[in-house]
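Under the numbering used here, residues 11 to 166 are what the sequence shown spells out, in order. To start, the structure under review is shown below, and the notes come after it.
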Amino acid sequence: MKNKYLAIIIIVIIAIIALVGAFALGIFDNNQTSDSSDWEVKNLSGITFKIPPKYEQGTIQSGNIIDGVNTGNSYRSEDLSIIINSTNWTNDLNKSMDSDSAVMTVLDINGHEVEIFSDNESSKAFFKVKNSTITINWSGDNVNGDIKALITSFFN
């Protein structure tokens, strides 16, 4: 009888640990777009977008020429970078598409196609707004609600 109760207790503890782990990893996150109504608005190269509070301490940088390559204009914070009109955009997109280890996801955001590549705890989103090319890099392998809202803000 004691063994039966002990087995039940162990199963309950394992189930609780599994649920806590699943929530911590975001498995039950429905990836709904976050509410960005109170986020800081940025303007870079004539394109307006909103930054989640987690990334608001970033800096805007004008494009530079490094080794003959225009790096584009950028917004950079600790775990996020947004690059607009980089001459490397097509090469970076092709390199991500050719990667054997990257996982590709295509999102439709307000009728606009966004290609996302995740590999080794790092993700990149590639898309176009008006006549500009955009690349967003962030830490993590998932597209959470903040990232979806950030990308959506480019199309508003």
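Even for Gly, the Cβ is constructed at its ideal location relative to N, Cα and C.
Residue i - DSSP class collapsed to helix/strand/coil
i           : result
residue 148 : strand
residue 135 : strand
residue 153 : coil
residue 129 : strand
residue 58  : strand
residue 118 : strand
residue 158 : helix
residue 163 : helix
residue 100 : helix
Residue i, buried or exposed, once every other Cβ within 10 Å from all chains shown has been counted against 16
i           : result
residue 121 : exposed
residue 141 : exposed
residue 18  : exposed
residue 70  : exposed
residue 138 : exposed
residue 144 : buried
residue 14  : exposed
residue 40  : With a pLDDT of only 48 at residue 40, under the threshold of 50, the placement of this residue in the model should not be trusted; the figure read from the coordinates follows. Its Cβ having fewer than 16 others within 10 Å, residue 40 is exposed.
Whole-angstrom distance between residue j and residue i, CA atom to CA atom
i           : j           : result
residue 153 : residue 16  : 41 angstroms
residue 50  : residue 60  : 6 angstroms
residue 84  : residue 136 : 14 angstroms
residue 87  : residue 28  : 33 angstroms
residue 159 : residue 165 : 10 angstroms
residue 99  : residue 48  : 30 angstroms
residue 134 : residue 45  : 22 angstroms
residue 147 : residue 12  : 54 angstroms
residue 53  : residue 73  : 14 angstroms
residue 151 : residue 115 : 11 angstroms
Contact with chain B by residue i, beta-carbon distance below 7 angstroms
i           : result
residue 102 : In the structure shown, chain B cannot be found, because there is only a single protein chain.
Whole-angstrom C-beta distance between residue j and residue i, which should lie under 8 angstroms
i           : j           : result
residue 90  : residue 68  : 7 angstroms
residue 149 : residue 132 : 6 angstroms
residue 161 : residue 119 : 6 angstroms
(request) Could you tell me whether the segment 13 to 30 touches the segment 119 to 136, using the rule of 3 or more Cβ pairs below 8 angstroms? (result) The segment 119 to 136 and the segment 13 to 30 do not touch, with fewer than three beta-carbon pairs separated by less than 8 angstroms.
(message) Using a Cβ distance threshold of 8 angstroms, determine whether the segment 98 to 105 contacts the segment 61 to 72, with at least three qualifying pairs required.
(response) Touching, no.
(message) I want to know whether the segment 87 to 98 touches the segment 111 to 120 - three or more CB-CB distances under 8 angstroms.
(response) No, because fewer than three Cβ pairs between the segment 87 to 98 and the segment 111 to 120 fall closer than 8 angstroms, the two stretches do not touch.
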